[in-house]
Each structure stands twice: as structure tokens, then as C-alpha cells.
Amino acid sequence: MKLLMITGLLTLVATMAEADPATIAQTAKGATYVDAAGMTLYTFAKDGPGTSACEGTCAKNWPPFAASASDHASGEWTVIQRSDGLRQWAYEGHPLYTWIKDAAPGDITGDGFLDGAWQVAQP
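In full-length UniProt numbering, the protein residues as written are 1 to 123.
Below, the structure is given as C-alpha cells:
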């Protein structure tokens with residue numbers, strides 16, 4: 001019985017560790033990645049692969065989708081190290097952000113901002 005419980009617990013921990021950091025929700029743009037609170041995630045066209053160009057005031061308005069020290073890459077999901085020392089999730093090499101003007105889950109008010117440089121993150 002103990003062995004079965006330990007095996008089940010290890011399977012649960014392994015499954016949790018491999019879970020994607022974001023989920024998919026339906027927005028006005030269709031299937032869109034969202035954070036745990038249901039807030040839309042965005043990409044920024046000025047970012048390089050695995051590198052964030054959004055710093056300072058930009059990062060205050062577009063908070064990076066934070067990764068913890070224990071988070072690790074899995075498939076299309078990677079963790080980048082920002083110049084400010086924080087860790088940030090990226091999808092297919094594109095760093096992800098939320099937008100402070102989105103007030104509720106499913107809002108996509110940042111889509112197309114800055115002449116289209118900001119786009120909702122979609123699978």
C-alpha cells in the first residue's frame with residue numbers, strides 16, 4: 001500500500017512539473033494563451049529569440065510572465081533570464097507578458113498596440 005501511494009505521489013509530482021505554465025482560453029481572437037488568473041498573454045515583436053527588449057517603463061506596463069527559480073523548460077516552453085535578473089516564460093522562444101490595461105480574464109485590449117508590435121500569444 002505504501003509503495004502504491006509513493007508511486008502515485010511521484011507520478012502526480014512529475015505530471016505537475018511537466019504542466020505547461022499557461023493554459024488556452026477562448027478570446028475574441030480565438031484560442032489564446034492565458035496565465036493562471038486567466039489574463040491574456042502577449043508577445044512583443046521587438047524581442048529577439050529568447051531575449052526581452054521590454055524593460056523599465058515597458059515592463060511596468062507589460063509585466064513579464066514570471067517564472068520561478070524552480071521552473072524549467074518543457075517542449076515549446078522555455079525560461080529566459082532577463083537583464084533585470086528576473087526569469088520569464090517564453091513560448092517558442094518568444095517572451096510572454098500580460099498588459100496592465102486588461103481588466104478581466106479574456107480581455108485583449110493590448111492586441112495590436114504600438115502599431116501591431118504587441119500580439120496575443122496563440123498556439
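Every residue gets a Cβ at the ideal spot worked out from N, C-alpha and C, and that includes glycine.
Taking only the alpha-carbon atoms, compute the straight-line gap between residue i and residue j and give it to the nearest angstrom.
i, j, result
"Thr57", "Pro95", "17 angstroms"
"Pro123", "Thr32", "7 angstroms"
"Trp62", "Val34", "14 angstroms"
"Leu93", "Ser74", "A small fix is needed here, since residue 93 is Gly in this sequence, not Leu. So the alpha carbons of these two residues sit roughly 12 angstroms apart."
"Thr78", "Asp115", "27 angstroms"
"Asp84", "Ala36", "23 angstroms"
So residue i and residue j are supposed to be a Cβ contact under 8 angstroms. How far apart are they, rounded?
i, j, result
"residue 126", "Arg87", "In the structure displayed, the chain extends from 1 to 123; residue 126 sits before or after that span and is not available."
"Phe44", "Cys54", "5 angstroms"
Can you find a CB in chain D that lies within less than 8 angstroms of the CB of residue i?
i, result
"Asp107", "Going by chain labels, chain D is absent from the structure shown, which holds only one protein chain."
Under 8 angstroms, do residue i and residue j count as touching if we go by C-beta distance?
i, j, result
"Ile80", "Ala69", "no"
"Gly38", "Ala25", "yes"
"Lys46", "Ala117", "yes"
"Thr27", "Ile100", "no"
"Ala67", "Pro21", "yes"
Less than 8 angstroms between C-beta atoms, sequence neighbours within five positions excluded: which residues of the same chain meet that for residue i?
i, result
"Tyr42", "Trp62, Leu96, Tyr97, Thr98, Trp99, Gly110, Asp111, Trp118, Gln119, Val120 and Ala121"
Is residue i helix, strand or coil when you go by DSSP?
i, result
"Thr109", "coil"
"Ala38", "Just to set this straight, residue 38 is Gly in the shown sequence, not Ala. Coil, per DSSP."
"Ala104", "coil"
"Gly116", "helix"
Please go through the same chain and pick out, in chain order, the residues whose beta-carbon is closer than 7 angstroms to the beta-carbon of residue i, but skip the five residues on each side of it.
i, result
"Arg82", "Ser52, Pro64 and Gln88"
"Pro49", "Gly93"
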